[in-house]
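Visitor: Sharing a structure with you now.
Protein chains: 2
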Amino acid sequence: MSEPRFQAVVADDHAIVRSGLRAALESPGLVEPAGVKVVAEAADGLSAIAAIRQHRPSLLLLDVQMPLAGGLEVLIEARRWSPETRVVVLSGVTSPGKIGELVSCGVDGLFSKGEDNDELFGALPGILRGRRHVSEVFRRMLEEAPEVPDLSERERQVLNLVVTGRSNKEIAQILGISVKTVDRHRTNLMQKLDVHSVAQLIAYALREGLIAPTSGL
Amino acid sequence: MSEPRFQAVVADDHAIVRSGLRAALESPGLVEPAGVKVVAEAADGLSAIAAIRQHRPSLLLLDVQMPLAGGLEVLIEARRWSPETRVVVLSGVTSPGKIGELVSCGVDGLFSKGEDNDELFGALPGILRGRRHVSEVFRRMLEEAPEVPDLSERERQVLNLVVTGRSNKEIAQILGISVKTVDRHRTNLMQKLDVHSVAQLIAYALREGLIAPTSGL
DNA sequence: GATGGATTGGGGGATCTACCCCATCCTGCG
DNA sequence: CGCAGGATGGGGTAGATCCCCCAATCCATC
């Protein structure tokens, strides 16, 4: 058997997923003529980046949601340190916003974890030859996605603090601005997002993935 | 090769995870002498239950978070229709509350997806012989878990409505009670949970998995 | 049958939210 | 240069929230 022509790095926080992907990638006949060899696995974003810098593989298969660094950050870093690496992102359920970011940052492949993997593995040879492939599910999601109500930097900060349970007074102290200004940002925020209460604001933020659900309190 | 002695059903909403688990379970040498055969896969809770009723396998490997029915519901239904099936739950990151529920409902095995699978596969033979095994991570989580602030039925209803963005007035109309009573429940709720605003209430509810993040608006 | 909890609800008040009004300052852009 | 847009705030207000006070009912458990 000849040496595998393509090297791959697999990044996912679940060990089972990593071994499943490794097995699938290395199964003979997937990519002709020599197949793919998984040279490294990573359980979090930072070690994924480290693995990219070390191996500069042909392919990076990575999950969107990972500890320490998300899919988007890893994508950007991968582009920086190993521009020729094809980056394929696997996503669980994510918001149109996140998906859109990934696409506009130029992922080479974008697939859902939930659907069959046939689409992924069917498209892989093409991707390794430089084609791009965004899963049908996500393409529809992006078309149907209605609003992209882009928020300013300050608004995003305020939103994050609101969502973590801070009152206007606390936010004002944290950001070193007046309560009135926080109030202003909040009003603009709710107008942009077309909601009318903190609860809806939080629900929206979580749904759209504007903020991490892991941000404490 | 002799017929496998143990039949298994694998339930997870991600196809990659299912195939990874199938490969690992069916790899020779895992369980002596005859190994495990995966007789069915399920991508959601309801088909998991259906598979259990049809196959009555020795082992059910299932994810906590699945569409249509969660891990707990599937566990309960599995016990009902196939009491001799060993149920092993795999969990991503979940709250102490959910973990505690699973344990007190008597799962035969409880493992984290993030950690190495060695613990799972090492414990599997024992589990198939009737032993129970809760992963070290979760055992520590349960020990360190401080509060179990159990809420009344009404409080839970109110919490759910608050979290989905309803105002006190709306909640009062929905439940057919006075605004004052809603207010009362809310106050008690916040006292029990030691929080002081809607935002913190929502953050708490999401963090502890008291409510589904998928509840609209 | 008494005690405790859950649920119900009214009065009242301090505070906060949501949203108007207004203005200033700065920065980037045609 | 003007001018839009972002960020900054002050005044004001109707309404909502948060949290006290109080008491009634029902229901289980001791």
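As you go down the protein sequences, you meet chains A and B in turn.
When the letters of the first sequence are read in order and numbered with the working numbering, they come out as residues 2 to 218.
When the letters of the second sequence are read in order and numbered with the working numbering, they come out as residues 2 to 218.
All C-beta atoms in this analysis are idealised placements derived from N, C-alpha and C, irrespective of residue type, glycine included.
Among ALA12(A), ASN169(A) and ARG187(A), which residue has its Cα nearest to the Cα of LEU62(A)?
Guide: For the residues ALA12(A), ASN169(A) and ARG187(A), the minimum Cα distance to LEU62(A) belongs to ALA12(A).
Visitor: For the candidate residues HIS56(B), ALA173(B), GLN192(B) and LEU207(B), whose alpha-carbon lies nearest to that of VAL183(B)?
Guide: When only C-alpha atoms are compared, the closest one is ALA173(B).
Visitor: Leaving out the 5 sequence neighbours to the left and right, which residues in its chain are closer than 8 Å to LEU218(B) when beta-carbon positions are compared?
Guide: Unreliable positioning characterises LEU218(B) in this predicted model, as indicated by a pLDDT of 36, which lies under 50. The coordinate reading is nonetheless provided below. Cβ within range, chain order: THR165 and GLY166.
Visitor: Quick check: is the beta carbon of VAL75(B) nearer than 8 Å to any beta carbon in chain A?
Guide: False, the Cβ-Cβ gap to chain A never drops below 8 Å.
Visitor: Excluding the 5 residues preceding and the 5 following HIS1(A) in the sequence, name in chain order all residues of the same chain whose CB lies nearer than 7 Å to its CB.
Guide: This structure cannot settle anything about residue 1(A), because the visible part of chain A is limited to 2 through 218.
Visitor: Per DSSP, what kind of secondary structure is ASP45(B) in: helix, strand or coil?
Guide: Note: ASP45(B) maps to coil in three-state DSSP.
Visitor: Among TRP82(B), LEU60(B) and ILE50(B), which one has its Cα closest to the Cα of GLY71(B)?
Guide: Ranking TRP82(B), LEU60(B) and ILE50(B) by Cα distance to GLY71(B) puts ILE50(B) first.
Visitor: Less than 8 Å between the C-beta atoms of ILE100(B) and ALA79(B), yes or no?
Guide: No, Cβ-Cβ distance for ILE100(B) and ALA79(B) is not below 8 Å.
Visitor: Tell me the DSSP bridge mates of VAL11(A)?
Guide: Per DSSP, GLU42(A) and LEU62(A).
Visitor: Any idea if ARG19(B) is buried or exposed, counting beta-carbon neighbours within 10 angstroms, 16 or more meaning buried?
Guide: Looking at its Cβ environment, which holds 16 or more other Cβ atoms inside 10 Å, ARG19(B) is buried.
Visitor: Leaving aside the five residues before and after THR215(B) along the sequence, list all residues of the same chain whose C-beta is less than 7 Å from its C-beta, in chain order.
Guide: Low per-residue confidence applies at THR215(B): pLDDT is 44, beneath 50, and the placement is therefore not dependable enough to give any value.
Visitor: On the criterion of 16 or more Cβ atoms from any shown chain inside 10 Å, does ASP14(A) qualify as buried, or is it exposed?
Guide: Its Cβ being crowded by 16 or more others within 10 Å, ASP14(A) is buried.
Visitor: Alpha carbon to alpha carbon, how far is ILE178(B) from LEU125(B)? Give it in angstroms, no decimals.
Guide: Computed Cα separation, rounded: 51 Å.
Visitor: Excluding sequence positions up to five away, which residues of its chain have a Cβ less than 6 Å from the Cβ of SER83(A)?
Guide: Hits under 6 Å: ILE53 and ARG57.
Visitor: Tell me which same chain residues have a C-beta within less than 8 Å of the C-beta of VAL89(B), skipping the five on either side of it?
Guide: Here the set comprises LEU60, LEU61, LEU62, LEU63, VAL108, ASP109, GLY110, LEU111, PHE112, LEU121, LEU125 and ILE128.
Visitor: Measure the CB-CB distance between LEU194(B) and VAL163(B) and report whether it falls below 8 Å.
Guide: Not in contact: LEU194(B) and VAL163(B) (Cβ atoms no closer than 8 Å).
Visitor: For the alpha helix (DSSP H) containing LEU69(B), name the first residue and the last one.
Guide: Premise fails: LEU69(B) is in no alpha helix (DSSP H) and is neither H nor E.
Visitor: Using the beta-carbon count (16 or more within 10 Å), is GLN192(B) buried or exposed?
Guide: With fewer than 16 Cβ atoms within 10 Å of its Cβ, GLN192(B) is classed as exposed.
Visitor: Closer than 8 Å by beta-carbon distance: list the chain A residues that pair up with THR165(B), in chain order.
Guide: Neighbours of THR165(B) on chain A, chain order: ALA200 and ALA204.
Visitor: Which ranges does the alpha helix (DSSP H) cover as unbroken runs of at least 4 residues, wholly within the region 78 to 121 of chain B, from first to last along the chain?
Guide: Correct list: 97 to 105.
Visitor: With a 10 Å radius around its C-beta and 16 neighbouring C-beta atoms as the bar for buried, classify LYS114(B) as buried or exposed.
Guide: Buried, by the Cβ-count rule.
Visitor: If the cut is a Cβ gap below 8 Å, which residues of chain A does SER168(B) touch?
Guide: Ordered by position in chain A, the residues that pass the 8 Å Cβ test against SER168(B) are SER198.
Visitor: Considering only residues of the same chain and omitting the five flanking positions on each side of MET142(A), which have a CB-CB separation below 7 Å?
Guide: Around MET142(A): PRO97 and ILE100.
Visitor: With DSSP as the reference, identify every bridge partner of VAL135(A), one or two as the case may be.
Guide: Beta-bridge pairing links VAL135(A) to LEU111(A).
Visitor: Note down, in chain order, every chain A residue with its Cβ under 8 Å from the Cβ of SER20(B).
Guide: The answer, in chain order, is GLY21, ALA24, ALA25 and ASN118.
Visitor: What residue does the alpha helix (DSSP H) around ARG23(B) start on, and which one ends it?
Guide: 16 to 27 is the extent of the alpha helix (DSSP H) around ARG23(B).
Visitor: For LEU47(A), which residues of its own chain have a beta-carbon under 6 Å away from its beta-carbon, when the five flanking residues on both sides are left out?
Guide: So the list reads LEU69 and ALA70, once near-sequence residues are dropped.
Visitor: By Cβ distance below 6 Å, which residues in the same chain neighbour SER168(A) in space, the five residues on each side in sequence not counted?
Guide: Nothing listed; no residue qualifies.
Visitor: Which whole-angstrom value is the C-beta distance of TYR205(B) and VAL199(B), which I expect to be below 8 Å?
Guide: At roughly 11 Å, the Cβ-Cβ gap does not stay under 8 Å, so TYR205(B) and VAL199(B) are not in contact.
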